[in-house]
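A.B. asks: Structure below; questions to follow.
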Amino acid sequence: VFTYNYIKRRVYLISEDDYTIPLTVTLDKKNNVHEEMLDVINLLKVSSRASNEYLRGFIPDDTKVNSLTINDGNLTIDFSEDFLSYNEKNESKMIEALTASMLQCEDVDSLTISVEKQIIDCSILKTITLLIVYLIIKLL
């Protein structure tokens with residue numbers, strides 16, 4: 101029996117005209133979901149291998165993941181403060197794309213983003229956007 105050591109994941113990048121675009125990528129299968137999520141986060145960085153002249157990542161390249169935990173379906177990602185050096189005009193697209201990318205994991209129902217253990221406060225508009233993205237992903 102031949103087994104494949106690859107998985108397909110959908111990541112969401114930002115297009116040159118500022119739309120959130122899904123991209124299906126093939127990744128090496130890891131020992132656990134945490135390692136797979138770290139691979140996805142790396143693909144969302146500005147200079148990742150998934151970025152090209154039409155699509156780009158949005159997480160600043162120097163950003164580190166301090167911790168990543170899943171508890172009762174909630175994924176909490178704690179980033180280094182480098183995460184905050186993103187382009188503010190893309191903030192809602194960034195939150196939308198990060199949420200959509202992370203909710204692809206069947207173990208994840210919600211997402212909490214923090215920087216140096218401080219939860220990022222989302223405005224009501226962003227919260228509504230996150231709920232819409234969540235519903236669309238779970239219905240697909």
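101 is the number of the first residue of the sequence shown in this note's numbering; add one for each residue after it.
Backbone N, C-alpha and C define an ideal beta-carbon position, used for all residues, glycine too.
#1: Alpha carbon to alpha carbon, how far is G157 from T169? Give it in angstroms, no decimals.
#2: Could you pull out every residue in the same chain whose Cβ sits closer than 8 Å to the Cβ of V133, ignoring the five residues on either side in sequence?
#3: Could you check what DSSP says for F179 in three-state terms: helix, strand or coil?
#4: Under the three-state reduction of DSSP, which class applies to S192: helix, strand or coil?
#5: Name the DSSP beta bridge partners of D128, please?
#6: What do you get for Y112, buried or exposed, if any count of 16 or more other CB atoms within 10 angstroms of its CB means buried?
#7: With respect to the alpha helix (DSSP H) encompassing V140, which residues constitute its N-terminal and C-terminal limits?
#8: Taking only three categories from DSSP, how would you classify T163?
#9: How big is the Cα-Cα spacing for F179 and S201?
#10: Classify D118: buried if its beta carbon has 16 or more other beta carbons within 10 angstroms, exposed otherwise.
#11: Looking at the structure shown, is L203 part of a helix, part of a strand, or coil, going by DSSP?
#12: If we call anything under 9 Å between Cβ atoms a contact, is K193 one with I141?
#13: Have a look at A197 and E188 and give me their C-alpha separation to the nearest angstrom.
#14: Alpha carbon to alpha carbon, what distance is there between S148 and K164?
C.D. replies: If we stick to the structure as given:
#1: 22 Å
#2: I170, C205 and D207
#3: strand
#4: helix
#5: Y106
#6: buried
#7: V133 to L143
#8: coil
#9: 16 Å
#10: exposed
#11: coil
#12: no
#13: 14 Å
#14: 14 Å
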